[in-house]
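Counted the way full-length UniProt numbering counts, the sequence shown spans residues 1 to 542.
Input: a single structure, listed below in structure tokens.
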Amino acid sequence: NTPDQIEVSVEYVYQEGDISEPSDFLSAILAASDLATTAAPTPTAAPASQPPIPVAPTLPGATKAPATITGTVVIYIEFVFYTIKPVPSEREILNLANTLLVARTKREAEPVRVDDITYEKLSDHSFAMKLSYMISDVPMNEEFHLRNETQQYIQDSVNTLLNQMLNKQDAEPFTFPSPIYTVGSVVIFIRFVFFTKNPVPSENDILKLVNTLLDDRIRQLRAPVRVNDITYEKLSENSFAMKLSYKISNVSMNEQFHLRNETQQYIQDSVNTLLNQILNKKDAKPFTFPPPTYTNMPQEIHANVTYVFREDDISQPSPFLSAIMEASNSTLPAPTTEPPKILGSVVIFIRFVFFTKDSVPSKDDILNFVNTLLDARIRQLRDPVRVDDIIYEKLSDNSFAIKLSYKISDVVMNEQFHLRNETQQYIQDSVNKLLNTMLNNPDANPFTFPSPTYTNMPQEIHANVEYVFREGDISQPSSFLSAILQASGLATTAAPPTTTNPVLLLCLLCGVCAAIKRRLRRRYRIQQYRTHPVNQYRIHPL
1 NTPDQIEVSV
11 EYVYQEGDIS
21 EPSDFLSAIL
31 AASDLATTAA
41 PTPTAAPASQ
51 PPIPVAPTLP
61 GATKAPATIT
71 GTVVIYIEFV
81 FYTIKPVPSE
91 REILNLANTL
101 LVARTKREAE
111 PVRVDDITYE
121 KLSDHSFAMK
131 LSYMISDVPM
141 NEEFHLRNET
151 QQYIQDSVNT
161 LLNQMLNKQD
171 AEPFTFPSPI
181 YTVGSVVIFI
191 RFVFFTKNPV
201 PSENDILKLV
211 NTLLDDRIRQ
221 LRAPVRVNDI
231 TYEKLSENSF
241 AMKLSYKISN
251 VSMNEQFHLR
261 NETQQYIQDS
271 VNTLLNQILN
281 KKDAKPFTFP
291 PPTYTNMPQE
301 IHANVTYVFR
311 EDDISQPSPF
321 LSAIMEASNS
331 TLPAPTTEPP
341 KILGSVVIFI
351 RFVFFTKDSV
361 PSKDDILNFV
371 NTLLDARIRQ
381 LRDPVRVDDI
391 IYEKLSDNSF
401 AIKLSYKISD
411 VVMNEQFHLR
421 NETQQYIQDS
431 VNKLLNTMLN
441 NPDANPFTFP
451 SPTYTNMPQE
461 IHANVEYVFR
471 EGDISQPSSF
481 LSAILQASGL
491 ATTAAPPTTT
501 NPVLLLCLLC
511 GVCAAIKRRL
521 RRRYRIQQYR
531 THPVNQYRIH
541 PL
């Protein structure tokens, strides 16, 4: 529902017993699909004539009742057919539709078809036909929840229309599935990313520009409406991002997520309109922005848009964008001098390996520790976010592994893989921070974990980290690690005695041991050459 338009979706999966006397159009479709054209006995009673097209309701007016308005109804129809043999071709189906269906439905004044019929192959043995119709000048209540009478009129119109398409003229009418009405909202999350030559402007500078140059322009829009304050995020010394979100209310959408293409197109158009109003001059040539990524919920759609600013995109920037560029000195270098940077994501795959003295703890024990001791601590982190359940793996009777994965979104990286050293250092720092949060006490001396191995993709980096626990690595384990060690029969503190290192150091520094060794070696060589008693060589006096 919108203030003056109702959109409804009807999906009908053909079953042979539904329609005993198919129309010429349906008979041709069934013949092309190798399906029986009659699948139910012919009724003995005289068939009822098809009902006329319903008359639009005239809603009673009342002094205190919400106002009645005149609007339009758009009906989206999808027929689905399952075939015995391979599906007929698109050309064959559209030819049948144009010769047998279009002529018949053209005779009716209302509804009027507004789109060409489209064919979609679903599998080797199923296909769909999609078409849409519009009814104009339909009375409806301004209040969405008071449109029951209009919805009944729509249901009657749908039944009449579909019977005209699929049933013989004098056949008993079939009642088709009720249209789906869903009114929801769309939240658009926008992220602008700027790369600068000089150090990035401050948060205060950017937010001041937003409040003075952007807000007045956007407030003039009726929809969408901004729902959150704009936030500033410093990504690096030479890049920053701005985040904002907008909401569009009372948007018609299909209950079934995979049938929301029309709504997504509407969102794409709204995004382009909104971003051009923010970044472009009023009379400038509009720019087409990247399509959003969608997250569907029963009555809400989230659309995420990330736009990395490139100067060639917008030739006539708005005052707001001009001010941002001036503050950023963002005259980007030519593409030939430096490969462009992009925004991507990093997925960190972590594998902890433990060798135990006793038999390994059970999977239930380990996952219980994770849920009670680890999750609460890690949930406090904004980034990274865990993307998979933790997996327990028994390696042997005395060793096991824990596997988990985390994702960091919106990471600046070079398009060329061999120039991603800076990003890899950022990942290494993130890994150390994450693993210390898991395994170390908050105030303990941080431990440096093994470097990840990296797998580069165009817009994603996979970082694999395997850490084999050694008792001396972490002197003050976290509650989670302590519980793991206790369940594994390992000491919770396993650092070597404090006297060992000083004694060894003294020995190495003073060289006493080396001197003693040299003396003993020299004495041993002297003894080697004393092979005869000394008195055998005594000289007698003359």
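C-beta: ideal position from N, C-alpha, C; glycine also.
From M253, I474 and E262, pick the residue whose C-alpha is nearest to that of D115; which is it? E262
Using the Cα positions of I248 and V186, report the straight-line distance between them to the nearest angstrom. 5 Å
Give the single residue among A128, S318 and Q277 whose Cα lies nearest to the Cα of L30. A128
How far does the alpha helix (DSSP H) with P111 in it reach, from first residue to last? Counting along the chain, P111 falls outside any alpha helix (DSSP H), and DSSP gives it neither H nor E.
Given a cut-off of 7 Å on the beta-carbon distance, is the pair I314 and L279 in contact? yes
With three or more C-beta pairs closer than 8 Å as the rule, is the stretch 360–368 touching the stretch 301–319? no
Short Cβ contact (7 Å threshold) for K403 with R351: A contact, by the Cβ cut-off of 7 Å.
In the DSSP assignment, find the beta strand (DSSP E) that holds I314 and state where it starts and stops. I314: not part of any beta strand (DSSP E); DSSP gives it neither H nor E.
Proximity winner among P286, D443 and V10, relative to D156 (alpha-carbon distances): V10
State the DSSP-derived secondary structure class of residue 583, mapped to helix, strand or coil. Examination of residue 583 is not possible in this model, given that the chain is present from 1 through 542 alone.
Does the Cβ-Cβ distance between Y12 and P173 come in under 7 Å? P173 is positioned such that its CB atom lies no closer than 7 Å to that of Y12.
Does the Cβ-Cβ distance between L439 and S478 come in under 7 Å? yes
When burial is assigned at 16 or more other CB atoms within 10 Å of the CB, is V193 buried or exposed? Burial call: buried.
S123 by DSSP, collapsed to three states: which one? strand
Where L343 falls: helix, strand or coil (DSSP): strand
How would you write the range of the beta strand (DSSP E) that K407 sits in, first residue to last? In the DSSP assignment, K407 falls within the unbroken beta strand (DSSP E) covering S399 to N414.
Pick out the complete alpha helix (DSSP H) segments inside the stretch 353–379, 4 residues or longer, and give them in chain order. 363–369 and 375–378
What does a CB cutoff of less than 6 Å around D18 pick up in its chain, not counting 5 residues either side in sequence? F174
Could you tell me the alpha carbon to alpha carbon distance between Q5 and Q265, rounded to whole angstroms? 17 Å
Am I right that L213 and A327 are in contact with their C-beta atoms under 8 Å? What's the rounded C-beta distance? By a beta-carbon distance limit of 8 Å, L213 does not contact A327. Their separation comes to about 11 Å.
Roughly how far, in whole angstroms, is the beta-carbon of S23 from the beta-carbon of M165, given that I think they are within contact range, below 8 Å? 7 Å
Q5 - DSSP class collapsed to helix/strand/coil: strand
Along the chain, which unbroken stretches of the alpha helix (DSSP H) at least 4 residues long are found entirely within the stretch 132–176? 148–166
Check whether the Cβ atoms of D410 and L321 lie closer than 7 Å to each other. no
Can you give the Cα-Cα distance for D358 and P384, rounded to whole angstroms? 34 Å
Considering only DSSP beta bridges, list what E78 is partnered with. E11 and K130
If contact is defined by three or more beta carbon pairs under 8 Å, each pair taking one atom from either stretch, is the stretch 480–490 in contact with the stretch 452–459? no
I need the boundaries of the beta strand (DSSP E) containing V468, first residue and last residue. Residues E460 to V468.
Measuring alpha carbon to alpha carbon, tell me which residue in Q152, R226 and N148 is nearest I190. Comparing Cα positions, the closest option is R226.
With DSSP run on the structure shown, which of helix, strand or coil describes S270? helix
When we look at the beta-carbon of G184 and count the other beta-carbons within 10 Å, is it buried (16 or more) or exposed? Around the CB of G184, 16 or more other CB atoms lie within 10 Å, so the residue is classed as buried.
Which residues DSSP lists as bridging V73, in chain order: I6 and I135
Rounded to whole angstroms, what is the Cα-Cα separation between Y467 and V353? 6 Å
Please classify S396 as buried or exposed, where buried requires at least 16 other C-beta atoms within 10 Å of its C-beta. exposed
C-beta contact flag for Y246 and I206 at 7 Å: no
Going by CA-CA distance only, name the one from P201, N141, I301 and S126 that's closest to A67. N141
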